[in-house]
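Take the sequence shown: its letter number 5 is residue 442 in our numbering, and every next letter is one higher.
Yeah, the Cβ is synthetic: ideal placement off N, Cα and C, and Gly gets one too.
In this text the structure is predicted, and so the values were computed from the model without any measurement.
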Amino acid sequence: MKRIVKALGGLMSVCALVLCCACGQQAASSSSSAAEQAPAQQKQTVNIMALNGPTGIGMAKLSQDDAYNVRFVGATDEVVSAISSGSVDIAAIPTNLAAALYNKTQGGVQLVAVDTYGTLYLLENGNTIASLEDLAGKHVYATGAGANPQFILEHLLSLAGLEAGVSVEVEYLPEHSELAALAANGEAGVALLPEPFVSVAQAKGGQDLRVALDMGAEWKARTGSDLAMGCVIVRKEFAEQHPEAVEQFVKDLGASVEYANADVDGAAQLCADLGILPNANVAKSAIPKCSLVCVTGQDAQKAVDGYLKVLYDAKPQSVGGALPTQDFYYAG
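Right, here's the structure in full:
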């Protein structure tokens, strides 16, 4: 009997040891599994939408990063809908549209960065225009009646002592592509166009078709601030919930913009592949003239405030009916 009891005691000790080891292994396995899953749980995929054209170029390289789900679209309505519904967290859009969305969503979006300065250029078939003052008595073809191009042109003309419809005749066409074709074949002697249509027209036109004036440079020289035409916004709710993701995005956006400016050939091909610009040749010509930047903080606010004030004074509805207040600007 003593031998049986002793044997049973030894067996129980062995079972206890095995059980402890098994529990230890299970705990270690669970701990290891949790550690492996932690990074995946912390990683925040950011949904981004950008418009084709200059405002989307700065996002091209960023779209290759797995941390970002970037979609490029052709219509502003798609961006407005996506931001309003919350299906997109960040978007690259025209600055006045950002202000309009701010008003529409009752402060639901914030401006993170300016990503594009002036992209408007005055083309001339000839060599008679060297300043805005030289537009006196000229017939200027343009696009964007009732929108940014008209307000920018008219403000700059007024700063030069000229007036649209009085000292300068301005004729607006409905489509950029139509005006680019007219400029290319010489039918529009003086044409106001944005990129990439400037490059499209120059690619098809003769040697006499040249960039006479950079409207962004004219704006800077005559107002003292940059022409902040394109920007990046974030949904305020997303920014409050994921501040680290927003801060990382700003850094990555800066790197993406730097890539586009430094490696024009590579960026041009990437933009063509993504459908941001018509083809690599046009993209190669357009990118250096798109004034790609990543400007944040007070510098961004200064440029945007001045720009939106001009648009508001011309047509309040162009910025959504009211100028944004201080909380429009993301402070980090």
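Starting from the Cα of residue i, find the closest Cα among the options and give me that residue.
i      : options                           : result
Glu624 : Pro633, Ser604 and Leu646         : Leu646
Lys657 : Ala717, Gly555, Gln685 and Ser500 : Gly555
Gly642 : Lys746, Pro631, Gly626 and Ala654 : Gly626
Gln685 : Met486, Gly493, Tyr505 and Gln587 : Tyr505
Leu585 : Tyr766, Phe765, Ala759 and Pro753 : Here residue 585 is Asn; the residue named in the question, Leu, does not match the sequence. It is Pro753.
Val719 : Pro633, Ser522 and Ala535         : Pro633
Met486 : Gln501, Lys498 and Ile520         : Ile520
Tyr766 : Glu681, Asp503 and Thr733         : Thr733
Ala737 : Asn540, Lys541 and Val549         : Val549
Val517 : Gly563, Asn622 and Val671         : Val671
Ala621 : Ala705, Gly545, Asn562 and Asn540 : Asn562
Ala768 : Glu655, Gly712 and Glu677         : Glu677
Val800 : Gly493, Val741, Ala573 and Pro631 : Beyond the ends of the chain as shown, which are 438 and 769, falls residue 800; an answer cannot be given.
Gly544 : Phe675, Ala705 and Tyr744         : Phe675
Ser755 : Asp503, Ala535, Ser524 and Lys575 : Ala535
Ala692 : Tyr749, Ala654 and Asp552         : Asp552
Ser595 : Gly581, Val687, Glu655 and Gln644 : Glu655
Asp571 : Ala582, Gly583, Gly581 and Leu599 : Leu599
Gly493 : Gln644, Leu707 and His576         : Leu707
Under a Cβ-count criterion, where at least 16 other Cβ atoms within 10 Å of its own Cβ denotes burial, should residue i be classed as buried or exposed?
i      : result
Glu608 : exposed
Pro761 : buried
Asp514 : exposed
Pro476 : With a pLDDT of 42 at Pro476, under the threshold of 50, the modelled position of that residue is not reliable, and the figure given next carries that caveat. So Pro476 counts as exposed.
Ala465 : The predicted position of Ala465 is uncertain, since its pLDDT is 41 and thus under 50; no value can be drawn from it.
Asp764 : exposed
Gln735 : exposed
Val683 : buried
Lys498 : buried
Pro715 : buried
Thr565 : exposed
Gln639 : buried
Pro680 : exposed
Pro611 : exposed
Gly667 : buried
Ala537 : buried
Ala436 : As displayed, the chain neither begins before 438 nor continues past 769, which places residue 436 out of reach and without an answer.
Arg440 : Note that Arg440 scores 41 on pLDDT, short of 50, meaning its location in the model is unreliable; the coordinates nonetheless yield the value given after this. Counting Cβ neighbours within 10 Å, Arg440 comes out exposed, since fewer than 16 surround it.
Ala704 : buried
Glu579 : Here residue 579 turns out to be Ala, not Glu, going by the sequence shown. It counts as buried.
Asp503 : exposed
Gly581 : buried
Tyr749 : buried
If we call anything under 8 Å between Cβ atoms a contact, is residue i one with residue j?
i      : j      : result
Leu729 : Met652 : no
Leu662 : Lys739 : Checking the sequence, you will find Ser at residue 662 rather than Leu. Going by C-beta atoms, Ser662 is nearer than 8 Å to Lys739.
Ala723 : Thr532 : no
Ala512 : Val669 : no
Glu491 : Cys727 : First, the amino acid is wrong: residue 491 is Pro here, not Glu. Yes, these two residues count as a Cβ contact at 8 Å.
Leu616 : Gly495 : no
Leu569 : Ala601 : no
Leu559 : Leu619 : no
Val648 : Val637 : no
Phe588 : Val747 : yes
Ala751 : Glu606 : no
Leu557 : Pro631 : yes
Contact check, residue i vs residue j under 8 Å by CB: the rounded distance?
i      : j      : result
Lys673 : Gln547 : 5 Å
Ala699 : Ala709 : With a Cβ gap of about 18 Å, Ala699 and Ala709 do not count as contacting.
Asn540 : Phe509 : Their Cβ separation, rounded to whole angstroms, is 25 Å, which puts Asn540 and Phe509 out of contact at 8 Å.
Leu711 : Ser522 : Not quite, the Cβ-Cβ distance comes to about 23 Å (not below 8 Å), so this is no contact.
Val694 : Lys721 : Rounded, the Cβ-Cβ distance is 17 Å, inconsistent with contact.
Thr660 : Gly743 : 6 Å
Which runs of the alpha helix (DSSP H) spanning at least 4 residues fall entirely within the stretch 608–640, listed in chain order? 613–621
Whole alpha helix (DSSP H) elements within the stretch 486–522, 4-residue minimum: 491–494 and 513–522
Of all the alpha helix (DSSP H) runs that stay within the bounds of the stretch 528–577, which reach a length of 4 or more residues? 532–541
Restricting to runs no shorter than 3 residues, where is the beta strand (DSSP E) found entirely within the stretch 717–744? 729–732
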